[in-house]
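Below: the structure, in C-alpha cells.
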Amino acid sequence: MTFMLVFCGLGVGLLLSAMSANALQEEGRKRGMALTSALAFRLVEPILSMDFLQMKNLIDNVDNQYADVIYVFLSDTSSNILSYTFSGGFPTDLLLANKVDKEAQPVLLTTERGFVYDFKVDVRLGDKGLGVVRLGLSRNGIDAQIRRQWLTSLISTLGVVGLGVILALWFSQTLTYRLSRLRRSVEEIVQGNLDVQAGFSLEKYCWEIMECDHKECPANGDVHRRCWYLAGTLCPNCGDKKYPFKMENCRECPVFRHNFGDELQDLAEAFDAMAITVKNHIEELTEREKTIALQEGLLKTIMNVTPDLLTLQDKDLSYTFAGKAFCDYFNLDEVNIVGKTDADIFTEQQAEVNIKESNEILATGLPLAKEISFKRDKEQKWFHVVKVPVYDQEGEIIGLFLSARDISMLKKFQVQLIQSQKMEDLGHLAGGVAHEINTPLGIILGYSQLMIDDIKDEEILEGMRIIEKQTKVCRKIVADLLGFSRDSHVVSETVDINTSIQQVVKLVEHSFSMNHINIIHDLGDGIPLLSGDQESLKQVWLNLLNNAADVIGQGGEIYVQSTFFVEGQKLVVSVADTGTGIAAEHLGRIFEPFFTTKQVGKGTGLGLSVSFGIIQDHGGKIMAFSPPPEEYLPEKILRGSSLLPGAVFVVELPLNNVEKLLID
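Mapping the sequence shown onto the numbering used here, position 465 (from 1) lands on 512, and the numbers just tick up by one.
Encoded structure:
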C-alpha cells in the first residue's frame, strides 16, 4: 500500500508538472497571439494613411517593451516589407518561414537565439486585408519557467509523498475509515439526502438501558438521534431544557456514559441530529410554502375577478400589485405597472393629487374615501375611491391599498331618480293648476261661442273669434297638463309593437308629406309581443314623430327602426330625423316638463316629458343622441347622403313578461 501511495504520489506529481508545462506553453502562445492581434488592430490607421513613422513607432514600442520579443515586422498584402525591428537588415528567408494560413497556429522556428514562436496576424479593416504582422516570441523564458516548475513539483511531490506515507501508516487503521464515512454522509446531506446516518449504530439504546416503556417519549424508537439531542424526553433526569442546555443533566446519565464516544463519534451523531432537524424544518417550511402559495393564489384570483380597481403601493409609492380591472382600465399589463409610480400612469395633474393624498395617509395613518370623476373615451366615469394604509406585524406602515369602484351607473340612477322626483312634483303642481284653470276656461269658451252666434258687428266678431281660438289653445295646454299630472296606470294587454308603429305612421304620413317629409321604417322580423298599454305607446310614437317633423320643418326624412335583442331580452325602437339636431347643452334637459327649443306657440314642452313617463311606467327607458350613432342610421346616410342626420330618440322596452303572454 505504501508503494502504491509513493507511486501514485510521483505519478500525480509528474502529471501535474506536465500539465503545468503545457499550461505555461499555452499561456505563452496566447500571450504572443494577443500581442500580435493588438498590434494588428493598432496598425490599421497608419497603414490606411501610409504613415511609416507611426508604423515604426508602434512596432518598436512592442519590441522594446517586452524582453522576450525577438523581432516584429509588417508587410503589405503583396509581401512588401513596410516596417521591421531588425538592426542589421531584414532577413528575406523569414518571409517564407511561416506559411500557416490559420492565424491561431504559431510556427516554432529555430534561430541563432534559440527556439522562437512566430505569430502571424492579418491586418484587416472589416473584410478587407491591409497587411500582415509577424511577431517572434522567444521560448527560452518559457522553458526556464518549465524547468523551475519541474524541480519545484518534484521536491514538493517527494515531500508530500513522504509525509503521506508516514501519516497513512498512522491513520490508516484508526481515522481514515471514520472520516471517510463522515465525509460521505456530509456529501449525501449536501446532495439533499437528509436520511443518511453518519454515526455508528449503538449496541443498546436509551430505552433499553433505562428499561423505559414510555412510547410517547420522542427518543423512544429513534435510532438516528441520541436522546441528549432531543427536547421533551421523559427521563426523570433530563429536565425540560433543550440541547445544549440539557447536557448539564445528561453527563451524569448512565445512557450518556454508556453511549458517548470520542470527538469523531460526537461529530457524526451531531450531523445525524442536524440532518433530521433540518429535514423536519424543511418539511414544515414546504407545507407552509404550499399554504402561502395557495392563499396567495386564492387572494390574487379574488382580486383579479372583482370589477373594482385594486392596487398595492409600497412606502415609496411604487406599485407592487395591480388587479386585472386596473390593468384593463389603463390598457396596461401588470408587468408594465409594477415598479412604476402614479407619475408614470396618470396625467401630471392627477398624479400630483394622488401623491399628495398618499403621502398624507403614510404620515397620518388615516384612511381616505372620496368620489372622483374621469373623462375617458368621451365618457364621464365616476369612481368611489378608498385608500387605506397597510401595516406589518410590528404595526409599521409599509404601503397603501387602493380600491376604486365604478359608480357611474349609480350616478346615472341618481340623476334619473332626481328627474323622476322632479317630474312627480311638477305633475302634482301642474294638475292643481290645470284643475283651477279648467273651469274658468270652459266658461270663457262657452260665452265666447254664444256671443259669436249673436254678434253681427264684424270687428267685434273677429275679436270674439280670436278669444275662442286662444281659449281652445289654453284648453289644449290644460289637457296636456292634466295628462302629465294623471297617475300612471299601465293597462296590461298584448301589444304588437310593429303594428302600433305602422298605425301611427299611417296616421301622420299624409300630413307630413304635405311638408315633403318622408317616413322610412325598417321594422324587424320575429319581434315578440309585449305586455303594456297600446294606446299609451302609440302616444309615445306620435309624440316622437311630431317632434321630428317640427324640427325638420320643410323637406327631410324620418327613420323608424325596431329591433329585438335576444341576449338582453329587450326591444329597441329608434326614431331618427334629418333636422337641425339638439345642442349638447340641451340634451340633458329635453325630458324636463315645459322645456322646449321650439318657437313660442309651437309647443308646450310636455310631449317628451309625457313620453318619458309612459316609457318609465313600462319599465323601460328613453334616450336622445345628437348626432345619432351609426347603428341607428340607414345605409344611404352612411354612404354619404346630402341630408345630414340630426338626432335620434331610442326607446328600450324590457320583455320580462313575453313568455307569460305567449303561453296565455
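Beta carbons are placed, not taken as given, at the ideal position from N, Cα and C, and that holds for glycine.
Check, Outcome
"With 16 other Cβ atoms within 10 Å as the buried cut-off, status of residue 665", "buried"
"Separation of residue 507 from residue 489, as counted between CA atoms", "21 Å"
"Chain-order list of residues whose beta-carbon lies under 6 Å from that of residue 360 (same chain, five-residue window excluded)", "366, 446 and 447"
"Pick from 409, 350 and 624 that is closest to residue 598, judged by C-alpha positions", "624"
"For residue 144, three-class secondary structure by DSSP", "coil"
"Meets three-Cβ-pair contact criterion under 8 Å: the stretch 114-125 and the stretch 169-179", "yes"
"8 Å Cβ cutoff met for residue 547 and residue 588", "yes"
"Expected contact under 8 Å - CB spacing of residue 398 and residue 384 to nearest Å", "Incorrect: roughly 14 Å between the Cβ atoms, too far for contact."
"C-beta contact flag for residue 79 and residue 182 at 8 Å", "yes"
"Within 8 Å, strictly: CB atoms of residue 673 and residue 605", "no"
"With 16 other Cβ atoms within 10 Å as the buried cut-off, status of residue 352", "exposed"
"The alpha helix (DSSP H) enclosing residue 401, as first and last residue numbers", "395-411"
"Identity of the residues DSSP links to residue 431 by a beta bridge", "418 and 452"
"N-terminal and C-terminal residue of the alpha helix (DSSP H) that residue 372 is part of", "371-376"
"Sequence-distant residues of its chain with Cβ nearer than 6 Å to residue 616 (five each side left out)", "702"
"Residue 450 burial status per 10 Å Cβ neighbour count (16 or more: buried)", "buried"
"Straight-line gap, residue 169 to residue 362 (C-alpha atoms, nearest Å)", "60 Å"
"Same chain only: Cβ atoms within 6 Å of residue 188, ignoring 5 sequence neighbours per side", "115"
"Whole-number beta carbon distance between residue 379 and residue 405, since they are thought to touch under 8 Å", "Actually they are not in contact, since the Cβ atoms of residue 405 and residue 379 sit about 19 Å apart, beyond 8 Å."
"Within 8 Å, strictly: CB atoms of residue 627 and residue 693", "yes"
"Three-state secondary structure (DSSP) of residue 117", "strand"
"Simplified DSSP state of residue 604, which is helix, strand or coil", "strand"
"Residue of 601, 211 and 235 minimising C-alpha distance to residue 563", "601"
"Selection from 503, 496 and 544 that minimises the alpha carbon distance to residue 519", "496"
"Extent of the continuous alpha helix (DSSP H) run through residue 557", "544-561"
"Under the three-state DSSP convention, the category residue 181 falls into", "strand"
"DSSP three-state assignment for residue 139, whether helix, strand or coil", "helix"
"Neighbour-count burial assignment, residue 590, 16 or more Cβ in a 10 Å radius", "buried"
"Where residue 97 sits in the DSSP three-state scheme", "coil"
"Beta-carbon proximity of residue 638 to residue 618, cut-off 8 Å", "no"
"Exposure of residue 594, with buried meaning 16 or more beta-carbon neighbours within 10 Å", "buried"
"For residue 203, three-class secondary structure by DSSP", "helix"
"Exposure of residue 430, with buried meaning 16 or more beta-carbon neighbours within 10 Å", "buried"
"Local Cβ density within 10 Å of residue 86, reported as buried at 16 or more and exposed below that", "buried"
"Through-space distance from residue 614 to residue 582, alpha-carbon basis", "28 Å"
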